[in-house]
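Trainee:
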Amino acid sequence: MLKMMHKYYRSVLGTFFICVIGFSMLFFGVDFGGGRSGESYAVKVNDTEVSFEQFSQRKQLRTNQLLRMLGPNYQQFAAQLLEGMNQRIIDDIIKETLLQETAREVGMAPGEAVVPKLVYNAFGPNFTMESYRAFLRSIGSTEKEYHAQVASQTLGSQVQNLLRQASYSPPPLVIKGLYEQQERKYSARIIGLTEAAAKERVEEPSEEKLKEFFEENVIEYELPPRIRATYIVAKTDHFLNEVEVLDEDVELYYVDNEKRFRNPAGVKIREIALDMDSADMTAKIGVESLADELFEKVEKGEDLKSLAVEYSDDTKKGDPSGWIEKGSQGAQFDKEFFGEDVKVGKRALIKDGSKARIVELIEQQEISIKPLDEVREEIIKSLKDRDAPIFAAEKARELFDKWQTEGSKLEDLSKEYGIEVSAIAELTGLENASGIQRPIVKDALEFPGETQLLVDTGEALALVRVDEFRDTEVPDFASVREKALDDYKSEQAKTLARDLSDKLLTDLESGELTDEALKERGATVELVSEKRSEEFNTVPLSSTEVRQAVLGTDSPRIVSGSPFEVNNAFYIIQITEVKDPDPANFQERSATIKKQSAEQLALLLEESLVSKLKAETDIDVHPATFEQ
Numbered sequence: 001m002l003k004m005m006h007k008y009y010r011s012v013l014g015t016f017f018i019c020v021i022g023f024s025m026l027f028f029g030v031d032f033g034g035g036r037s038g039e040s041y042a043v044k045v046n047d048t049e050v051s052f053e054q055f056s057q058r059k060q061l062r063t064n065q066l067l068r069m070l071g072p073n074y075q076q077f078a079a080q081l082l083e084g085m086n087q088r089i090i091d092d093i094i095k096e097t098l099l100q101e102t103a104r105e106v107g108m109a110p111g112e113a114v115v116p117k118l119v120y121n122a123f124g125p126n127f128t129m130e131s132y133r134a135f136l137r138s139i140g141s142t143e144k145e146y147h148a149q150v151a152s153q154t155l156g157s158q159v160q161n162l163l164r165q166a167s168y169s170p171p172p173l174v175i176k177g178l179y180e181q182q183e184r185k186y187s188a189r190i191i192g193l194t195e196a197a198a199k200e201r202v203e204e205p206s207e208e209k210l211k212e213f214f215e216e217n218v219i220e221y222e223l224p225p226r227i228r229a230t231y232i233v234a235k236t237d238h239f240l241n242e243v244e245v246l247d248e249d250v251e252l253y254y255v256d257n258e259k260r261f262r263n264p265a266g267v268k269i270r271e272i273a274l275d276m277d278s279a280d281m282t283a284k285i286g287v288e289s290l291a292d293e294l295f296e297k298v299e300k301g302e303d304l305k306s307l308a309v310e311y312s313d314d315t316k317k318g319d320p321s322g323w324i325e326k327g328s329q330g331a332q333f334d335k336e337f338f339g340e341d342v343k344v345g346k347r348a349l350i351k352d353g354s355k356a357r358i359v360e361l362i363e364q365q366e367i368s369i370k371p372l373d374e375v376r377e378e379i380i381k382s383l384k385d386r387d388a389p390i391f392a393a394e395k396a397r398e399l400f401d402k403w404q405t406e407g408s409k410l411e412d413l414s415k416e417y418g419i420e421v422s423a424i425a426e427l428t429g430l431e432n433a434s435g436i437q438r439p440i441v442k443d444a445l446e447f448p449g450e451t452q453l454l455v456d457t458g459e460a461l462a463l464v465r466v467d468e469f470r471d472t473e474v475p476d477f478a479s480v481r482e483k484a485l486d487d488y489k490s491e492q493a494k495t496l497a498r499d500l501s502d503k504l505l506t507d508l509e510s511g512e513l514t515d516e517a518l519k520e521r522g523a524t525v526e527l528v529s530e531k532r533s534e535e536f537n538t539v540p541l542s543s544t545e546v547r548q549a550v551l552g553t554d555s556p557r558i559v560s561g562s563p564f565e566v567n568n569a570f571y572i573i574q575i576t577e578v579k580d581p582d583p584a585n586f587q588e589r590s591a592t593i594k595k596q597s598a599e600q601l602a603l604l605l606e607e608s609l610v611s612k613l614k615a616e617t618d619i620d621v622h623p624a625t626f627e628q
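In terms of this note's numbering, the sequence shown has 318 at position 318, counting the first letter as 1, and numbering is strictly consecutive.
#1: Please report the distance separating the alpha-carbon of residue 234 from that of residue 314.
#2: In angstroms, rounded to a whole number, what distance separates the CA positions of residue 350 and residue 341?
#3: Take residue 458 and list the residues in its own chain whose beta-carbon comes closer than 7 Å to its own, dropping the five residues that flank it on each side.
#4: I need the straight-line Cα distance from residue 463 to residue 621, nearest angstrom please.
#5: For residue 414 and residue 210, I'd like the C-alpha separation in whole angstroms.
#6: If we cut at 8 Å on Cβ distances, does residue 379 have a partner in chain B?
#7: How big is the Cα-Cα spacing for residue 185 and residue 192?
#8: Output the boundary residues of the alpha helix (DSSP H) element that contains residue 365.
#9: Based on Cα-Cα distance, which residue from 561, 542 and 522 lies nearest to residue 510?
#10: Give the C-beta separation of residue 566 and residue 550 to the nearest angstrom, bearing in mind that I take them to be a contact with Cβ-Cβ under 8 Å.
#11: Mind checking who residue 428 pairs with in its DSSP beta bridge?
#12: Could you check whether the region 418 to 433 touches the region 211 to 227, counting it as contact only if at least three pairs of C-beta atoms, one from each stretch, sit closer than 8 Å?
#13: Of the residues 388, 465 and 48, which one's Cα is nearest the Cα of residue 400?
#14: Quick one, which of 489, 404, 86 and 477 has its alpha-carbon nearest residue 450's?
#15: If I follow the unbroken alpha helix (DSSP H) through residue 196, where does it start and stop?
#16: According to DSSP, is residue 390 helix, strand or coil?
#17: For the beta strand (DSSP E) that residue 468 lies in, which residues bound it at each end?
#18: Would you say residue 318 and residue 357 are within 8 Å of each other, going by their C-beta atoms?
#19: Using the C-alpha atoms, what's the distance from residue 375 back to residue 251?
#20: Could you pull out every residue in the same chain whose Cβ sits closer than 7 Å to the Cβ of residue 297, ignoring the five residues on either side in sequence?
#21: Would you list the one or two residues that DSSP bridges to residue 405?
#22: Can you check whether the CB of residue 528 is closer than 8 Å to the CB of residue 42?
#23: Kindly indicate which three-state DSSP category residue 23 falls into: helix, strand or coil?
#24: Using a Cβ distance threshold of 8 Å, determine whether the region 378 to 391 contacts the region 248 to 264, with at least three qualifying pairs required.
#25: Given a threshold of 16 other Cβ atoms within 10 Å of its Cβ, counted over all protein chains shown, does residue 501 qualify as buried or as exposed?
#26: From what residue to what residue does the beta strand (DSSP E) around residue 529 run?
#27: Where does the unbroken alpha helix (DSSP H) through residue 58 begin, and where does it stop?
#28: Can you list, in chain order, the residues of its chain whose CB lies under 7 Å from that of residue 330, leaving out five sequence neighbours each side?
#29: Go ahead and pull the three-state DSSP assignment for residue 142.
#30: Which residues in the same chain as residue 530 place their Cβ atom closer than 7 Å to its Cβ, once the five residues preceding and following it in sequence are excluded?
#31: Counting only the same chain and skipping the five closest in sequence on each side, list residues whose C-beta sits under 7 Å from that of residue 572.
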């Protein structure tokens, strides 16, 4: 340990004190202004190589973790969560390797003794050897290899723990600064000047200047390629009745899908149902007692139907049920009424916590196969639905050939098959096309000059007649004059807004301006009162730049020497009051704040050390790694 502290005195402790100084500057507003060697590895850090297989294992492990964590929601969020995963894994490999090498250089040993405990903790209380072995199989690793990997990673953890220990006792100045930053309250006048407000003050340009602006930005006004078209879509329902189904096809489908046409095993019952779902224990015991009494009567021969009319809480009152399949009424019901020796007339008392049921079996049905004639129409419909898309596509190709070779009109073909004629009536570009029209426009633009197209819309094939094609063209100035004028004013508005806000700031610094005077000059005025840093959640205070500038202010004044630009607007922040926190509360919060500041310092220290080590290290990442 001493050897490491001595060796890295400049890089570790030096960085620590740099971080402390950085924190002090944050709290008190200090401002300084102003060649590949082969393809056998995915990542190489100095002499340590990580193979593509090892990289894939890491990625698979992370993916499995996401699957377990998200369950059925995985597909919904997968694209977002997996984006950039390769880069994150590469960064982690580099960081872990650098920390492990640092630990080895100073004589630290892998924490092999703690590996079994780490593995057990990773699985939690549900750990079993079976689940552990299944996990190893899923990542393609052996127990020995995985233990060695975990043991090696403990080296990096030891370095991280050392950094945390170095950060555990931040200077009192840092702790006090963080407390004051969190609890200090600010009142301010927020003066804003938006581009929209400045736009109203932009002077009308001369016609010559506006035309010059148009010519300089003419590419912005180009009209993209566009078409008008007429089309018919050969959907499956247009040809469903033409799909031929042979008897042998029906018979083959019947044999191949026998399970689909089974009548499942089932029973019919009559019963007395008594509700036991009561919070009153005495009432619940009373219902159970009544159930026992009624079951005894039924077993002795009394008519269940008559007793049900008098006692049952359900609406059937002992009338026969419909067919009940196995598995639909719970395990106890199945045990009583679906056994091999069960006969009609059997009775049973079933209690499931919420109900007590005295049940009598009145009819049974074994598993059976529905006869072919009974399901023939159902099979024919299934076969037609299955084959109709292919048939419709073939029919569309036939119609397209007929249309091209015989000179038929698209409208005549539509009448022959009862297909609706649709149109893209206005000139439409790809950016404005949606739904079924988008692939039509896309194909028409890809094949300029073609007037007859067969387009796969994703739903079905469409026969398309291109009625008009317009290539990219520059509109005349007159047709886009109003848009050009609006764009000109928008461009000028930003410059004007900056100039006006600079002038407002100068005037505010030289003398007080009332809210009314500011509003007359196009500015908005918002007053905020006694806001703590955690309440800086609206624009412009939520901006990082504005937030840090305000938190660095300890007395009433205008923050910064120039307006802040946030979301196409310029803001001047005039602090009117700064209320320091009560020192008496500091001791109460100091322990919590000490922990917060230590964690932040440790993170900064680790990032600084890793950055320094990266600069001194030979790191090589194969390009294919980003595509794994």
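Positions of the beta carbon are idealized from the N, C-alpha and C atoms, including for glycine. Being a predicted model, the structure only gives us computed values, none of them experimental.
Mentor: Here's the rundown:
#1: Taking C-alpha positions only, residue 234 is separated from residue 314 by approximately 53 Å.
#2: Their Cα atoms are separated by approximately 18 Å.
#3: Correct list, in chain order: 439.
#4: In this structure, the CA atom of residue 463 is about 50 Å from the CA atom of residue 621.
#5: Roughly 51 Å separates the two Cα atoms.
#6: Looking for chain B here will not work: only one protein chain is present.
#7: Whole-angstrom Cα-Cα distance: 21 Å.
#8: Not the alpha helix (DSSP H): residue 365 falls in the beta strand (DSSP E), residues 355 to 365.
#9: Here the closest residue by C-alpha is 561.
#10: No, residue 566 and residue 550 are not in contact; Cβ-Cβ is about 13 Å, not under 8 Å.
#11: Bridge partners of residue 428: 227.
#12: The answer is yes - the region 211 to 227 touches the region 418 to 433, with three or more Cβ pairs under 8 Å.
#13: Nearest of 388, 465 and 48 to residue 400, Cα basis: 465.
#14: Cα-wise, what sits closest to residue 450 is 404.
#15: Run containing residue 196: 195 to 199, per the alpha helix (DSSP H) assignment.
#16: Secondary structure at residue 390: helix, using DSSP grouped into helix, strand and coil.
#17: Its beta strand (DSSP E) spans residues 461 to 470.
#18: Cβ distance not < 8 Å, so residue 318 and residue 357 don't count as in contact.
#19: Straight-line Cα distance between these residues: approximately 11 Å.
#20: Within the same chain, residue 297 has close Cβ partners 307.
#21: Looking at the DSSP output, residue 405 bridges to nothing.
#22: For residue 42 and residue 528, no; Cβs fall outside 8 Å.
#23: At residue 23 the pLDDT is 39, less than 50, meaning the model places this residue with poor confidence; the figure from the coordinates comes in the next sentence. Note: residue 23 maps to helix in three-state DSSP.
#24: Contact between the region 378 to 391 and the region 248 to 264 is present: three or more C-beta pairs spanning the two stretches fall below 8 Å.
#25: Per the 10 Å Cβ criterion, buried.
#26: Annotation for residue 529: the continuous beta strand (DSSP E) segment containing it runs 524 to 531.
#27: Counting along the chain, the alpha helix (DSSP H) containing residue 58 begins and ends at 52 to 70.
#28: Residues 352 of the same chain have their beta carbon placed closer than 7 Å to that of residue 330, with the five preceding and five following residues left out of the count.
#29: Three-state result, residue 142: coil.
#30: If the five residues before and after residue 530 are omitted, its C-beta is found closer than 7 Å to the C-beta atoms of 185, 187 and 579, all from its own chain and listed in chain order.
#31: Correct list, in chain order: 191, 501, 504, 505, 508, 558 and 563.
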